[in-house]
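Engineer: For the sequence shown, UniProt numbering gives the first residue as 2, with consecutive numbering after it. The beta carbon of each residue, even a glycine, is placed where N, CA and C say it ideally should be. Note that this is a predicted model, so its numbers are computed, not measured. First the structure, which I've put down as structure tokens, then a few questions once you've had a look.
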Amino acid sequence: SELKPMLELNDVHTYYDHIHALKGVSMTVNEGEIVALIGGNGAGKTTSLRTISGMMKPRRGTMTYQGQNISGIPAHHTMQKGISHVPEGRRIFKDLSVRENLEVGAYTVTDRALIEKRVQEGFEFFPRLKEREAQLGGTMSGGEQQMLAIARALMVNPRLLLLDEPSMGLSPLFVEAIFDIIVKLNKERGTTVLLVEQNASMALGIAHRAYVLQTGEVKLSGNAADIANDESVRKAYLGEE
Ligand code: ATP
């Protein structure tokens, strides 16, 4: 099967004021892939997702999504183009119910019937959320809130899902559940996924390809299996001596 590039970054530089966080990042995400973005603290993983979704503006470089230039385009526009970002720390609305959280996620959708259809699809995908439809977001467990954050991001029916540390702070059972859902989304809906993870071994276990970032630069890239077998990666990120 032929790979079709969906997202391409070329020599992207992003700053926080004078801090040069991305120093010429180039990467490609092909249609239908799960791509893992791994690296140590401060490597630029979160900044990469923020730059792609339009939360941050790159100072240099180009980004194209489905052949269109998206550099410097604000987040609500990239969302309308099919890019949905689940930021770090599952920022759900704690005082809204599960259903209300989902409905808010569809704020760019105006058709009521379509919103309801997507809510029902979300419940099919996450039965645990259906059981808790009326429960307040803030009273859900960490893993349930992460499911809600992902379900909410799916309300716009994205073609490209950007996931920032979905396993953070979750018990092993929930980590596995979240990773199963990512694989299912990719297989059943064909959703393309760019996945940032501290848990490099699990991320590489489900990804097709991976990029290793170090201090704002791509240090290594390739098939996930090759990256997982790379000696420097094993030492630095997979906890091996
Ligand atoms: P982690 O795994 O620790 O979250 P990361 O790979 O996601 O790391 P980023 O959060 O993208 O890394 O950070 C990249 C660089 O940008 C770091 O040097 C960091 O200190 C800096 N940085 C991140 N957020 C800000 C901010 N809001 N203001 C200033 N500098 C920031």
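1. Among the residues of its own chain, which have a CB less than 6 Å from the CB of Leu186, if the five just before and after it don't count?
2. Given a cut-off of 8 Å on the beta-carbon distance, is the pair Tyr64 and Thr15 in contact?
3. Which same chain residues, not among the five before or five after Gly144, have their C-beta less than 6 Å away from its C-beta?
4. To the nearest angstrom, how far is it from the Cα of Pro59 to the Cα of Leu8?
5. Tell me whether Asn200 is buried or exposed, calling it buried when 16 or more other Cβ atoms sit within 10 Å of its Cβ.
6. Quick one: does the C-beta of Gln199 sit closer than 7 Å to a heavy atom of ligand 1?
7. Just to confirm my understanding: we take Glu32, look at its own chain, exclude 5 residues before and 5 after, and list those with CB closer than 7 Å. What are they?
8. Considering only heavy atoms of ligand 1, does any lie closer than 7 Å to the CB of Ala22?
9. Shortest alpha-carbon distance to Lys188 belongs to which of Leu23, Ile35, Asp12 and Glu3?
10. For Thr29, collect the residues of the same chain with a Cβ closer than 8 Å to its Cβ; drop the 5 residues on either side in sequence, then sort them by chain order.
11. Please confirm whether Ala208 and Ala225 have their CB atoms less than 8 Å apart.
12. With 16 other CB atoms within 10 Å as the buried threshold, where does Gly138 fall?
13. Leu161 and Gly83: beta carbons closer than 8 Å?
14. For Glu132 and Tyr108, what's the separation of their Cα atoms in angstroms?
15. Of all the options Pro75, Leu130, Ser142 and Met141, which has the alpha carbon lying nearest to the alpha carbon of Ala152?
Structural biologist: Answer, in terms of the structure:
1. In the sequence shown, counting from the first residue as 1, residue 186 sits at position 185. Closer than 6 Å at the Cβ level, and outside the excluded window around Leu186, lie Thr192.
2. The sequence position of residue 64 within the sequence shown is 63, counting from 1. The sequence position of residue 15 within the sequence shown is 14, counting from 1. Inspection of the sequence shows that residue 64 is occupied by Met rather than by Tyr. In this structure, Thr15 does not lie closer than 8 Å to Met64 by Cβ.
3. In the sequence shown, the residue the question calls residue 144 occupies position 143. If we look at Gly144 and ignore the five residues flanking it on each side, its Cβ neighbours are Leu171 and Phe175.
4. The sequence position of residue 59 within the sequence shown is 58, counting from 1. The sequence position of residue 8 within the sequence shown is 7, counting from 1. Distance between the alpha carbons of Pro59 and Leu8: 15 Å.
5. In the sequence shown, counting from the first residue as 1, residue 200 sits at position 199. The residue in question, Asn200, is buried, as its Cβ has 16 or more Cβ neighbours within 10 Å.
6. For this step, residue 199 is matched to residue 198 along the sequence shown. Yes, Cβ of Gln199 sits closer than 7 Å to a heavy atom of ligand 1.
7. The residue given as residue 32 occupies position 31 in the sequence shown. Lys5, Met7 and Thr193, listed in sequence order.
8. Translated into positions along the sequence shown, residue 22 becomes position 21. At least one heavy atom of ligand 1 lies less than 7 Å from the C-beta of Ala22.
9. Position 187 of the sequence shown, counting from 1, holds the residue named residue 188. Of Leu23, Ile35, Asp12 and Glu3, the residue nearest in Cα terms is Ile35.
10. Indexing the sequence shown from 1 puts residue 29 at position 28. Pro6, Leu8, Glu9 and Leu10.
11. Position 207 of the sequence shown, counted from the first residue, corresponds to residue 208. Position 224 of the sequence shown, counted from the first residue, corresponds to residue 225. Contact flag set, yes.
12. Locating residue 138 in the sequence shown gives position 137, where the first residue counts as 1. With 16 or more Cβ atoms within 10 Å of its Cβ, Gly138 is classed as buried.
13. Along the sequence shown, read from residue 1 onward, the residue named residue 161 stands at position 160. Along the sequence shown, read from residue 1 onward, the residue named residue 83 stands at position 82. Yes.
14. One-based indexing of the sequence shown puts residue 132 at position 131. One-based indexing of the sequence shown puts residue 108 at position 107. It is roughly 23 Å from the alpha-carbon of Glu132 to the alpha-carbon of Tyr108.
15. For this step, residue 152 is matched to residue 151 along the sequence shown. For the set Pro75, Leu130, Ser142 and Met141, the Cα lying nearest the Cα of Ala152 is the one of Leu130.
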